[in-house]
Amino acid sequence: MDNVFNDFLENLVNECLQGAKFAYLSEKDKKEIARKLRDHFYSVTIDTLVDQLSDEQINQIKGLDPKAPEMEQKMAEFAASIPGFAFVLEDKLKIEMDKILQTGQIS
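Numbered by the working numbering, the letters in the sequence shown go through residues 351 to 457 in order.
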């Protein structure tokens, strides 16, 4: 996905790490939590996008590795074609971040 999206995810990760539930962790633990947060936010992104796709679009990505460049390219293409998707995704990710900040749990 593009740099703007990656920067947005990194900001979410950093905000979570600065929250009360994670601020006390060692640097080693923070790196592990950061990895888990990135994976979680990426999964939320994929799930949110898939919920918006047509059956034809879903068939185009079936069987692709979620982290493969082909998948990322297709997902970026699909996301660009869905009106208002950026706003839907931003809201969903911020809700997830708020849950994580409140509970300290990464679903």
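Glycine is no exception: its CB is placed at the ideal position from the N, C-alpha and C atoms.
> Helix, strand or coil: how does DSSP classify Q332 here?
Replying inline: The question about residue 332 has no answer, for the chain in this structure spans 351 to 457.
> Along the chain, which unbroken stretches of the alpha helix (DSSP H) at least 4 residues long are found entirely within the segment 362-420?
Replying inline: 377-402, 405-411
>> What does the alpha-carbon distance come out to for the pair P416 and V400?
In response: 12 Å
>> One question on the structure: do A384 and V354 come within less than 8 Å of each other, judged by their Cβ atoms?
In response: no
> Quick one: what's got a C-beta closer than 7 Å to K442's C-beta in the same chain, skipping five residues either side?
Replying inline: V394, T398
>> Taking its Cβ as the centre, do 16 or more other Cβ atoms sit within 10 Å of I450, making it buried, or is it exposed?
In response: buried
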